[in-house]
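The sequence shown begins at 0 in numbering that gives the first Met the number 0 and counts up one residue at a time.
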Amino acid sequence: MTQIIGPEAEAKLDWIALSDAIEAGHKLPRAEIGDTFLYRGDDTLLSRSAWIDGLGQLTKTATIFPGNKALGQPAINGGVCLFSDRDGTLEAIIDFHLLTKWKTAGDSLLAARKLARRDSRKILLVGAGNVTRSLREAYAAAFPDATFTIWNRSLAKGAALAAEYPGMAVARDLEAAVAEADIIGTGTMTTDPVLRGKWLQPGQHLDLIGAYRPDMREVDDDALRRSRVFVD
0 MTQIIGPEAE
10 AKLDWIALSD
20 AIEAGHKLPR
30 AEIGDTFLYR
40 GDDTLLSRSA
50 WIDGLGQLTK
60 TATIFPGNKA
70 LGQPAINGGV
80 CLFSDRDGTL
90 EAIIDFHLLT
100 KWKTAGDSLL
110 AARKLARRDS
120 RKILLVGAGN
130 VTRSLREAYA
140 AAFPDATFTI
150 WNRSLAKGAA
160 LAAEYPGMAV
170 ARDLEAAVAE
180 ADIIGTGTMT
190 TDPVLRGKWL
200 QPGQHLDLIG
210 AYRPDMREVD
220 DDALRRSRVF
230 VD
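Below, the structure written as structure tokens:
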């Protein structure tokens with residue numbers, strides 16, 4: 000029987016438990032992954048399929064329409080299908096935004112739990128989209144005593160998101176905010192680097208999420224040269 004897993008499933012999810020499950024998943028046989036991209040100007044149709052022997056097959060299709068922001072609509076939409084590894088039947092249709100939120104931020108949370116300093120207390124989030132919201136919730140689960148600051152090119156959008164979370168500050172000066180942060184999470188679709196390597200401090204944890212095309216980059220070359228790079 001095919002299950003339909005919608006947004007109502009969110010009430011049963013837990014960030015720490017999800018992070019542990021993702022870690023366990025990395026111990027399974029290596030996934031075979033295939034990507035396809037179709038373009039129409041700035042718009043993208045992206046599909047990623049994965050097959051893990053003994054677990055299952057999944058295809059996630061995303062549409063990225065940057066112009067939707069001007070219409071007050073999500074820039075990213077899509078759908079997710081899970082198939083049986085045993086007989087290929089469709090086991091579940093999963094809400095795209097639910098999976099994107101929890102899997103994306105869950106990966107970031109696992110990385111922070113493994114790589115960031117355990118005493119991290121200042122977390123900077125760059126961007127003001129849905130990814131930033133999920134990062135705020137995920138990081139708070141593992142770093143409950145941390146304070147959060149957001150920076151966004153549009154100060155008004157950054158302030159609007161910050162208002163959803165009591166105590167969340169808004170940074171006007173990105174360089175100064177980076178200098179003070181223990182953890183920096185970025186969730187933008189920029190092609191112009193917003194973070195500079197010369198701003199970084201020893202021991203900081205930098206989590207780069209937004210870029211999904213070769214021409215997208217959230218940090219400059221110097222930031223990469225100065226870092227130890229881990230890729231999921």
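Where a beta carbon is used, it is the ideal one built from N, C-alpha and C, also for glycine.
Q) Taking Cβ positions, are D19 and D52 nearer each other than 8 Å? A) no
Q) Among all the DSSP beta bridges, which residues are the ones paired with S107? A) Answer by DSSP bridge pairing: none, since S107 is not bridged.
(Q) Going by C-alpha to C-alpha distance, which of K197, H204, V193 and R224 sits closest to E210? (A) The sequence shown places Ala at residue 210, rather than the Glu named in the question. A210 has its Cα closest to that of V193, out of K197, H204, V193 and R224.
Q | Candidates K68, D106, T190 and G128, of which the one nearest G24 by Cα | A | If we check each option's Cα against that of G24, D106 comes out closest.
Q: Excluding the 5 residues preceding and the 5 following K100 in the sequence, name in chain order all residues of the same chain whose CB lies nearer than 6 Å to its CB.
A: S133
Q) Just checking my contact of T103 with V125 at CB under 8 Å: how many whole Å lie between their CB atoms? A) With a Cβ gap of about 15 Å, T103 and V125 do not count as contacting.
Q.
Taking the beta carbon of A242 as the centre, do at least 16 other beta carbons fall within 10 Å, making it buried, or is it exposed?
A. Nothing can be reported for residue 242, as the shown portion of the chain is limited to 0 through 231.
Q: Assess, as a yes-or-no matter, whether the stretch 0 to 19 is touched by the stretch 138 to 152 under the definition of 3 or more beta carbon pairs within less than 8 Å.
A: yes
Q) Do A127 and L173 have their C-beta atoms closer together than 8 Å? A) no
Q) According to DSSP, which residues form a beta bridge with Y211? A) Note: Y211 sits in no beta bridge, so no partner.
Q.
With a threshold of 8 Å on Cβ separation, who are the neighbours of R120 within its own chain once the five nearest residues in sequence on each side are excluded?
A. F142, D144, A145, T146 and D181
(Q) Helix, strand or coil for K197? Go by DSSP, reduced to three states. (A) helix
Q: Out of F82, A10, T189 and Q203, state which residue places its alpha-carbon closest to the alpha-carbon of E179.
A: Q203 is the residue among F82, A10, T189 and Q203 whose C-alpha sits nearest the C-alpha of E179.
Q) Among H96, D42, P165 and R195, which has the Cα closest to the Cα of L205? A) Scanning H96, D42, P165 and R195 for the CA closest to the CA of L205 turns up R195.
**Q.** Counterpart residues of D52 in DSSP-defined beta bridges
**A.** Bridge partners of D52: none, in fact.
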